[in-house]
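What follows is a set of notes on a single structure, which appears directly below.
2 protein chains.
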Amino acid sequence: MSTIADVAARAGVSKATASRALSGRGYVSRATRDKVESAAQALSYAAHSSATSLATGRTQTVGVIVPALGRWFFSELLAGAQEALLDRGYDLALFAVPEHSDSRRPIFDDVLPRRRYDGIIAAGIEPRAYEMAQLLRIRRPVVCVGPYVDEVNAISIDDAAAAAIATEHLIDLGHTDIAFIGGGAGDASSFGDARRVAGYRAAMDAAGLQQNVRVSPASGTMPSGFDAAVDLLGNRRTRPTAVVGVCDEVAIGAVIAARRLGIAVPTALSVIGIDDHQHAAMFALTTIRQQPREQGHEAVRMLMRGLEDPDAAHEHITAASALVVRNSTAAPR
Amino acid sequence: MSTIADVAARAGVSKATASRALSGRGYVSRATRDKVESAAQALSYAAHSSATSLATGRTQTVGVIVPALGRWFFSELLAGAQEALLDRGYDLALFAVPEHSDSRRPIFDDVLPRRRYDGIIAAGIEPRAYEMAQLLRIRRPVVCVGPYVDEVNAISIDDAAAAAIATEHLIDLGHTDIAFIGGGAGDASSFGDARRVAGYRAAMDAAGLQQNVRVSPASGTMPSGFDAAVDLLGNRRTRPTAVVGVCDEVAIGAVIAARRLGIAVPTALSVIGIDDHQHAAMFALTTIRQQPREQGHEAVRMLMRGLEDPDAAHEHITAASALVVRNSTAAPR
DNA sequence: ATCCAGTGTGGAACCGGTTCCCTTCGCTGA
DNA sequence: TCAGCGAAGGGAACCGGTTCCACACTGGAT
Numbered sequence: 039m040s041t042i043a044d045v046a047a048r049a050g051v052s053k054a055t056a057s058r059a060l061s062g063r064g065y066v067s068r069a070t071r072d073k074v075e076s077a078a079q080a081l082s083y084a085a086h087s088s089a090t091s092l093a094t095g096r097t098q099t100v101g102v103i104v105p106a107l108g109r110w111f112f113s114e115l116l117a118g119a120q121e122a123l124l125d126r127g128y129d130l131a132l133f134a135v136p137e138h139s140d141s142r143r144p145i146f147d148d149v150l151p152r153r154r155y156d157g158i159i160a161a162g163i164e165p166r167a168y169e170m171a172q173l174l175r176i177r178r179p180v181v182c183v184g185p186y187v188d189e190v191n192a193i194s195i196d197d198a199a200a201a202a203i204a205t206e207h208l209i210d211l212g213h214t215d216i217a218f219i220g221g222g223a224g225d226a227s228s229f230g231d232a233r234r235v236a237g238y239r240a241a242m243d244a245a246g247l248q249q250n251v252r253v254s255p256a257s258g259t260m261p262s263g264f265d266a267a268v269d270l271l272g273n274r275r276t277r278p279t280a281v282v283g284v285c286d287e288v289a290i291g292a293v294i295a296a297r298r299l300g301i302a303v304p305t306a307l308s309v310i311g312i313d314d315h316q317h318a319a320m321f322a323l324t325t326i327r328q329q330p331r332e333q334g335h336e337a338v339r340m341l342m343r344g345l346e347d348p349d350a351a352h353e354h355i356t357a358a359s360a361l362v363v364r365n366s367t368a369a370p371r
Numbered sequence: 039m040s041t042i043a044d045v046a047a048r049a050g051v052s053k054a055t056a057s058r059a060l061s062g063r064g065y066v067s068r069a070t071r072d073k074v075e076s077a078a079q080a081l082s083y084a085a086h087s088s089a090t091s092l093a094t095g096r097t098q099t100v101g102v103i104v105p106a107l108g109r110w111f112f113s114e115l116l117a118g119a120q121e122a123l124l125d126r127g128y129d130l131a132l133f134a135v136p137e138h139s140d141s142r143r144p145i146f147d148d149v150l151p152r153r154r155y156d157g158i159i160a161a162g163i164e165p166r167a168y169e170m171a172q173l174l175r176i177r178r179p180v181v182c183v184g185p186y187v188d189e190v191n192a193i194s195i196d197d198a199a200a201a202a203i204a205t206e207h208l209i210d211l212g213h214t215d216i217a218f219i220g221g222g223a224g225d226a227s228s229f230g231d232a233r234r235v236a237g238y239r240a241a242m243d244a245a246g247l248q249q250n251v252r253v254s255p256a257s258g259t260m261p262s263g264f265d266a267a268v269d270l271l272g273n274r275r276t277r278p279t280a281v282v283g284v285c286d287e288v289a290i291g292a293v294i295a296a297r298r299l300g301i302a303v304p305t306a307l308s309v310i311g312i313d314d315h316q317h318a319a320m321f322a323l324t325t326i327r328q329q330p331r332e333q334g335h336e337a338v339r340m341l342m343r344g345l346e347d348p349d350a351a352h353e354h355i356t357a358a359s360a361l362v363v364r365n366s367t368a369a370p371r
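If you read the protein sequences in the order shown, they are chains A and B.
For the first sequence, the working numbering assigns the number 39 to the initial residue and increments by one for each residue that follows.
For the second sequence, the working numbering assigns the number 39 to the initial residue and increments by one for each residue that follows.
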């Protein structure tokens, strides 16, 4: 493996000049630049990244923390962050660790302080927890996806509003007996889930339907949505006419459960989700669309801004969401 | 931020001794070690990883390449690799890039040669392609998940055997009109898909059913399996009595399509998949189980072996797979 | 008493870049 | 004619660790 000294020697210049020629910083004549570049080419030189990092203080790496890879939202978010980072020549160091896992603590205590990352994108951080304090300690730009404290950048849809809009869509169609599936069950659920439950309650309250509020816990996965829906829909006397799923995975689980129970969707039961999951169209699911991949792009953009200007004010961005009407919701009979 | 020189000064020893005390290499007296450790504690010292990497030549980072994050197999594989690497104190640099994407080439040309990774785990590498040649150039241990050349480590289930076992299960039940869904369609499909098609053909041939071979292309996703199944099952006169899905996502898409068409599973149609996807149980899907998470662990183990002993012979491991009978397959009527 | 092996420690080189500071040179403008 | 400036390039310091090597000291064997 050749070093910059080899390149410099072959081009007949000093290390300093070779470095300037290759990085494009400082004064280098056209002729010298060409000589250095062809020498580098000939030796198939590639800068040793540890040496560059040590000298510049930049690692060109961003740490990304997600609580789960299997959930669509996080895998899309990750894909978006990956695309944006790759474009800018940054590496993505992945930490996929469930929220309450034992291996989560050491990441914040030992791994992040090692000055290995120029910045951190953190999804699934419990609000105002110990973890947030640790993130602030490392003095690097941080972008939270979801909850946040004022001292960091953040991006998220308005979860409460999304759930409220979903609920109001059902109310507008004439439903009054509307149940909510999801929230408060195990590791795969997130803080955002709690805000969605709150949005559902608020919409029910506003419509004077507070006595009809019903929440069936589920963890945010399709099987858990399926199980919760089987329970909820099993008794035809207590069955609601409409269901709001905390996310599309849960809503799809509910659609499948309804079919299995012989309940027609949307004629006998309306189901609405939140997310616009890749499978939503296949199930003709009405939903509130959000675009986690775009949120990943946006998170990277915010991080880069914080890198360029460490004193920039922190941004708190509300990502777009919108009702997408398909064929899983209709007026009650 | 404090350096090892600060720690050494506070403990009243030289940098060399402080380094030895903290790393545990070389001779250091018990008393000195304690002094250095409490100094490090007091200054909340953490070694600068770029400096360590430059000095040792090890980055403590492994690059992992996957073609897609949304497919269950790869997200499980990634989760497994992450767990195993975190345990060993390694970082995971993620490259999630579709097989035929434009951003794929630069990764092999520019990113990998930068000597940033101690090793590479590559899934979704086209066999014997340019990419494999580039992987060999960087002189670091490589583990391929899926196809390989002799010069690298590799791990995979026997895809052909898995598809053959699935097909034979249907033949044993008495089916003769067995179609295959999947293979040869777009980016989300993989080389392994081709070998599964071959396994299906081989099993059909061996049973003298070669004239009944039918392959409907699909890309490995649930919606694509759904669409292909709707086409295949739409005409009741040409409908097969059993279907092999290239993977569980496709098979589940087929189960949903059958329900939508009013075809009872398993009485009127048997469906079998390959993978044992997290949703397989919910659909009572008979399948061939493989455990990509374990394969991720195993890949890391192989990589670490290559790191410890660069001259070790390359391993080619066939991962376990086994028939799991649930309730989506039955004898034909 | 002498030799030697095993411990313990410090100085300095080294890993491979980047960048500060200084010198030189050619040209412009007063 | 000469001060002054910008361009070009070299030497050396520096980033923060690890490790080689030299040296000092101890205690046991000869």
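Glycine residues also receive a C-beta, built at the ideal position from the N, C-alpha and C atoms.
Since the model is a prediction, treat every value here as computed from it, not as a measurement.
Item: Minimum Cβ-Cβ distance from Arg48/A to chain B less than 8 Å; Value: no
Item: Cβ of His315/B within 8 Å of any chain A Cβ; Value: no
Item: Nearest candidate by alpha-carbon position, reference Thr324/A, set Asp286/A, Gly334/A, Leu299/A and Ala198/A; Value: Asp286/A
Item: Residue of Asp125/A, Leu116/A, Gly157/A and Leu123/A minimising C-alpha distance to Gly95/A; Value: Gly157/A
Item: Selected residue, minimal CA-CA separation from Ala198/A, among Gln172/A, His335/A and Arg234/A; Value: Arg234/A
Item: Ala368/A in three-state terms, based on DSSP; Value: coil
Item: Cut-off 6 Å between Cβ atoms - residues of its own chain near Ile209/B, not counting five sequence neighbours on either side; Value: Ala245
Item: Any C-beta of chain B under 8 Å from that of Ser379/A; Value: Missing from the structure shown is residue 379/A; chain A here goes from 39 to 371 and no further.
Item: Residue of His354/A, Ala368/A and Val363/A minimising C-alpha distance to Val180/A; Value: His354/A
Item: Own chain partners of Arg364/A with C-beta closer than 6 Å, once the 5 adjacent residues on each side are dropped; Value: Ala322, Leu323 and Thr324
Item: Endpoints, the alpha helix (DSSP H) within which Gly101/A is located; Value: Here Gly101/A belongs to no alpha helix (DSSP H); instead the beta strand (DSSP E) covers Thr99 to Val104.
Item: Contact residues within the segment 93-107 of chain A, judged by C-beta distance below 7 Å to chain B; Value: Thr97 and Leu107
Item: For Ala302/B and Gly230/B, the rounded distance between their alpha carbons; Value: 30 Å
Item: Exposed unless 16 or more other CB atoms sit within 10 angstroms - verdict on Ala80/B; Value: exposed
Item: C-alpha distance - Ala192/B paired with Arg126/B, whole-angstrom precision; Value: 20 Å
Item: Burial state of Ala78/A, where buried means 16 or more other Cβ atoms lie within 10 Å; Value: buried
Item: Residues that Ser113/B contacts on chain A, provided the C-beta gap is smaller than 7 Å; Value: Leu107, Gly108 and Ser113
Item: For Asn191/A, the residue or residues it bridges with in DSSP; Value: Val181/A
Item: Close beta carbons around Pro370/A, own chain, < 6 Å, minus the five adjacent residues each side; Value: Gly212, His213 and Thr279
Item: For Asp44/B and Ala171/A, the rounded distance between their alpha carbons; Value: 25 Å
Item: Ser257/A versus Asn250/A, Asp265/A and Val251/A, residue with shortest Cα-Cα distance; Value: Asp265/A
Item: Within chain A, the residues that Phe264/B reaches when beta carbons sit closer than 8 Å; Value: Met320
Item: Of the listed residues Ala201/B, Leu247/B, Val281/B and Pro255/B, nearest to Gly221/B (C-alpha basis); Value: Pro255/B
Item: Beta-carbon contacts of Asp196/B that lie in its chain and below 6 Å, excluding the five residues immediately before and after; Value: Thr356
Item: Alpha helix (DSSP H) runs contained entirely in the segment 270-302 of chain A, provided each spans 4 or more residues; Value: 286-298
Item: As assigned by DSSP and simplified to three states, the class of Asp225/A; Value: For Asp225/A, the predicted structure reports a pLDDT of 49, less than 50, and the residue's modelled location is therefore unreliable. A value from the coordinates is still provided. Note: Asp225/A maps to coil in three-state DSSP.
Item: Beta carbon proximity, Ser87/B to chain A, threshold 8 Å; Value: yes
Item: At least three beta-carbon pairs within less than 8 Å, the segment 141-157 of chain A to the segment 298-316 of chain A; Value: no
Item: Where His335/A falls, given that 16 or more other Cβ within 10 Å makes a residue buried; Value: buried
Item: Members of the segment 151-166 of chain B near chain A, C-beta cut-off 8 Å; Value: Pro151, Arg152, Arg153 and Arg154
Item: Validate contact between the segment 54-71 of chain B and the segment 128-142 of chain A using beta carbons, cut 8 Å, 3 pairs; Value: no
Item: Element boundaries [alpha helix (DSSP H), containing Arg175/A]; Value: Tyr168 to Arg175
Item: Nearest-angstrom Cα separation, counted from Val183/B out to Ala167/B; Value: 15 Å
Item: Short CB-CB distance (under 8 Å) between Pro261/A and chain B; Value: yes
Item: Proximity below 8 Å, CB of Met260/A to CB of Asn250/A; Value: no
Item: Closest residue to Val281/B among Ala337/B, Glu206/B and Glu346/B (Cα-Cα distance); Value: Glu206/B
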